[in-house]
Amino acid sequence: MRDDKAGGAESSHKGQSKSLHISFRDLCFSVPSATGSKQVLSHVSGQCLPGCVTAIMGASGAGKTTLLNALASRFARGTRRGEVLLNGVHFTEKDFRAFGVYVTQAEPLLATATVRETIETSALLRLPLSVSRAKKEQIVEEIICQLSLSKCQNTMVGEEGTGAGARGISGGERKRVTVGVGLVTRPRVLLLDEPTSGLDSETALAILELLQALAQQNRTIVTTIHQPNSQITRCFDDLLLIARGATVYMGEMRHAVSYFDGLGYACPMYTNPTDYFMGLMKDDVAAGSLAEAWMRSDAAVVAAYAPRPVTPISSRKVADDPSLHVAGDFYEADEAYQSAHSVLEVDSQYRTMELFGPSDPKTGVKSALDSHQAANGGGLDALAKQGAAKGSGGVKRSADRRVLELEDGEAEGPAGGWCCGRPQRRRLGPPAWYQIRVLAVRAVRFYVRNPELVLAKLFTYIFMGGFMGLMYLRLPLDSSTAAYNRAASLWVAMFAFTLMPSETACTVWNQERAVVGKELGAGTYRLVSYFTAKTLVSVPFETGVAIIFSVIIYNMIGFQATAAKFFLFMATLILVNLTSDMVGFICGVITKDVSIGLILISVVTYFCFAFSGFIVQPVPSYFVWLHKLSYYSLAYTVLVKNEFTGLQLHTGLDPSCSAEVTFIPPPPANSLSIAANLGLLVLIAVGIRLVAFVVLRATFTRWELPPRAKRGAARCVRCFSACFC
Numbered sequence: 001m002r003d004d005k006a007g008g009a010e011s012s013h014k015g016q017s018k019s020l021h022i023s024f025r026d027l028c029f030s031v032p033s034a035t036g037s038k039q040v041l042s043h044v045s046g047q048c049l050p051g052c053v054t055a056i057m058g059a060s061g062a063g064k065t066t067l068l069n070a071l072a073s074r075f076a077r078g079t080r081r082g083e084v085l086l087n088g089v090h091f092t093e094k095d096f097r098a099f100g101v102y103v104t105q106a107e108p109l110l111a112t113a114t115v116r117e118t119i120e121t122s123a124l125l126r127l128p129l130s131v132s133r134a135k136k137e138q139i140v141e142e143i144i145c146q147l148s149l150s151k152c153q154n155t156m157v158g159e160e161g162t163g164a165g166a167r168g169i170s171g172g173e174r175k176r177v178t179v180g181v182g183l184v185t186r187p188r189v190l191l192l193d194e195p196t197s198g199l200d201s202e203t204a205l206a207i208l209e210l211l212q213a214l215a216q217q218n219r220t221i222v223t224t225i226h227q228p229n230s231q232i233t234r235c236f237d238d239l240l241l242i243a244r245g246a247t248v249y250m251g252e253m254r255h256a257v258s259y260f261d262g263l264g265y266a267c268p269m270y271t272n273p274t275d276y277f278m279g280l281m282k283d284d285v286a287a288g289s290l291a292e293a294w295m296r297s298d299a300a301v302v303a304a305y306a307p308r309p310v311t312p313i314s315s316r317k318v319a320d321d322p323s324l325h326v327a328g329d330f331y332e333a334d335e336a337y338q339s340a341h342s343v344l345e346v347d348s349q350y351r352t353m354e355l356f357g358p359s360d361p362k363t364g365v366k367s368a369l370d371s372h373q374a375a376n377g378g379g380l381d382a383l384a385k386q387g388a389a390k391g392s393g394g395v396k397r398s399a400d401r402r403v404l405e406l407e408d409g410e411a412e413g414p415a416g417g418w419c420c421g422r423p424q425r426r427r428l429g430p431p432a433w434y435q436i437r438v439l440a441v442r443a444v445r446f447y448v449r450n451p452e453l454v455l456a457k458l459f460t461y462i463f464m465g466g467f468m469g470l471m472y473l474r475l476p477l478d479s480s481t482a483a484y485n486r487a488a489s490l491w492v493a494m495f496a497f498t499l500m501p502s503e504t505a506c507t508v509w510n511q512e513r514a515v516v517g518k519e520l521g522a523g524t525y526r527l528v529s530y531f532t533a534k535t536l537v538s539v540p541f542e543t544g545v546a547i548i549f550s551v552i553i554y555n556m557i558g559f560q561a562t563a564a565k566f567f568l569f570m571a572t573l574i575l576v577n578l579t580s581d582m583v584g585f586i587c588g589v590i591t592k593d594v595s596i597g598l599i600l601i602s603v604v605t606y607f608c609f610a611f612s613g614f615i616v617q618p619v620p621s622y623f624v625w626l627h628k629l630s631y632y633s634l635a636y637t638v639l640v641k642n643e644f645t646g647l648q649l650h651t652g653l654d655p656s657c658s659a660e661v662t663f664i665p666p667p668p669a670n671s672l673s674i675a676a677n678l679g680l681l682v683l684i685a686v687g688i689r690l691v692a693f694v695v696l697r698a699t700f701t702r703w704e705l706p707p708r709a710k711r712g713a714a715r716c717v718r719c720f721s722a723c724f725c
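Shown next, in the form of structure tokens:
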């Protein structure tokens, strides 16, 4: 079966982009723990070949997902040793995005988009502008047909789970959609973490058969799986078994049973081999002895896997025989490597790397290579001459030989290219302006398909405006409480744009967090594109509700009926609304939990209210800095000065006094003019968006300011403090 696949891969190779071979050697990874350090991976070595489905199996906590993260060059915080190579060359996480796709176990999707819209949006965001819109639609259509999603292409994805909120596509269809989202760039490597988790046996088998079909297109497929049934097991070409972070077996699936049989662990008849293997993995004694046996049987190869600097293909030294190149970027040309593992042969058109593995899994690498050398007249020279005489061919595999071929100068698609043996990182899809347009359309679609969110907020402000207008209806100018009621109504109007915008922003972000994090991690778009699109969509909406609220209450309460004062009142509420919206967004980002975010919003709002200039006068000297930093105090000062400047009230307190006096309100928050306060409010509204972007970037990209920017930011903080404190 494997040889048939090899032939199919060889024939299809000519029409595909170059095949990619992932190798990892002596890979160790540990994370901090309460007792010091916990070893997650321990000297794991192996390879994942194109045209094959490689399964990583092990008990829960064995390190399967950690290893898969390593293959995608996604290393979390911890200590790492060893190497992960692509065709013998180091690569980074950003490099991986150019040629590979990583599908996590719980892959989030936007619930309000249809299946077609989800895949189409991925194509629009990832493929360059040089690819026409018609071509992109053709790619989307091909993916939908290939993944058997035609029947549900116009169905909204929906929420994953159970109950009334789970309306949408099925679990198996979700898995296929997540694969389709990545296939738009025609990647050559697919890594999948537990793709059958939570699926019934029939759906799980359909997913694995899909992976088989993708592998036959000369793609490298690697998947973790917990405990497959016998039908699913037949879909795997290679198997990597790990126990407690150590390798127990790495090789062809069909040789696994005989390998364990040779070690005294014979699989009982009528038993699914993978069930038997998993039982051994859960037995600490058996797993430990099997890991030691694997290290001993493969000792020569493991010794050659020691980490070394990488030499690009273009700088490799040619031996006396011009057709022979020693693989300097895989291993040193030492005797152990020369006698045990590989030869790299190059001619004018092709680079071919032959990896000799064990022909008999019972005896290990060394005995297999000894027998191979004896049959061919001995040694590395014979192997080199034999390899030079073969010329070039496609992807060839047998029980004891695996050949990975790379053609020089082959044209690359949007998934990236190669130069001098190194993966060339493609530019991140189309330009930023195009990504902003696509993301803005998606954001508008989100609001259109969430009418309850939009209408609830709209009607809430209409109701609050009407209620507040009735509560302060046509405030008189001739009562002893006239001044207080006007000041209080201004404060209540400002209060309407504090908690609700913040809490809404925090809640909406909680719905977007997983999808945005996944898409940013996959390099689907730039962070600045997402944030700009979000701003372009949210600002008009937030501005609109503030305008509606202002129109309702201004005339009902009876504020000064001049156009200039009305527009200044409305502009102040708009700025408060936009600032509060970003306060809630920042709280949601930094807390990573909506309930904690809402609590933090309440705390921030409490301090802003307390030092707004209305509740406490004068503010204690030790809290003056909070009073001056509060954007509430700036907004309240603008509203008070705007309304009371030129306003005349009839006190009616003493008939002997003049019936008409000019009311002087309590001292405002600061002595700055209306224009100065409004200008500072604008700066805060803009500045807090910049802060939100920095917080968002630091959260998702582990990014920090360069030293020069840090010094500049420190100077800005000092200047700001000097102005207000």
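Letter by letter, the sequence shown follows residues 1 to 725 of the UniProt record's numbering.
Don't be surprised by glycine CBs; every beta carbon is placed ideally from N, CA and C.
Inter-residue Cα distance where the pair is residue i and residue j
i: E542; j: K135; result: 37 Å
i: G251; j: R697; result: 41 Å
i: A676; j: S612; result: 17 Å
i: S633; j: G182; result: 49 Å
i: I462; j: S595; result: 27 Å
i: V640; j: A564; result: 14 Å
i: N485; j: V691; result: 36 Å
i: V604; j: W625; result: 15 Å
i: Y525; j: D284; result: 45 Å
i: F644; j: Y447; result: 39 Å
i: L125; j: R97; result: 14 Å
i: T203; j: L41; result: 31 Å
i: L599; j: E512; result: In the sequence as displayed, the identity of residue 599 is Ile instead of Leu. About 19 Å.
i: R474; j: P620; result: 35 Å
i: S33; j: L109; result: 33 Å
i: R234; j: V53; result: 10 Å
i: V179; j: V454; result: 32 Å
i: A319; j: S132; result: Here the model assigns A319 a pLDDT of 36, short of 50, so the residue's position is not dependable and the matter cannot be decided.
i: F549; j: G465; result: 5 Å
Assigned secondary structure, residue i (DSSP; H/G/I helix, E/B strand, else coil)
i: L149; result: coil
i: G517; result: helix
i: M250; result: strand
i: V157; result: coil
i: D238; result: strand
i: H21; result: coil
i: E83; result: strand
i: M57; result: strand
i: G558; result: coil
i: K38; result: strand
i: D283; result: coil
Cutoff 6 Å; reference residue i; Cβ partners in own chain excluding five residues on either side
i: A487; result: none
i: L240; result: G46, I56, M250
i: C267; result: V257, P273, Y276
i: L263; result: A293
i: E93; result: S73, R74
i: A59; result: M281, K282
i: E173; result: C152
Burial state of residue i (16 or more Cβ within 10 Å)
i: L20; result: buried
i: W294; result: buried
i: A456; result: exposed
i: W433; result: exposed
i: I119; result: buried
i: V551; result: exposed
i: C145; result: exposed
i: A389; result: Bear in mind that a pLDDT of 40 at A389, under 50, signals an unreliable position, so the number given afterwards is only what the model happens to contain. A389 is exposed by the Cβ-count criterion.
7 Å Cβ shell around residue i - same chain, five flanking residues per side excluded
i: R689; result: T535, M582
i: V201; result: Looking at the sequence itself, residue 201 is Ser, so the reference to Val does not match. Only N229 meet the Cβ criterion.
i: S30; result: S37, K38, Q39, V40, G78, T79
Cβ of residue i within 8 Å of any chain D Cβ
i: A213; result: In summary, chain D is missing from the structure at hand, where a single protein chain is found.
Nonlocal neighbours in the same chain, by C-beta distance under 8 Å from residue i, ignoring five residues either side
i: L527; result: L520, F693, L696, R697, F700, T701
i: L470; result: M556
Mind listing, in chain order, the continuous beta strand (DSSP E) runs of no fewer than 3 residues lying wholly within the segment 177–249?
-> 189–193, 220–225, 238–243
4 or more residues per run - each alpha helix (DSSP H) lying fully within the segment 429–460 | 432–448
Unbroken alpha helix (DSSP H) runs of length 4 or more, entirely within the segment 587–644: which are they?
-> 594–610, 624–629, 631–644
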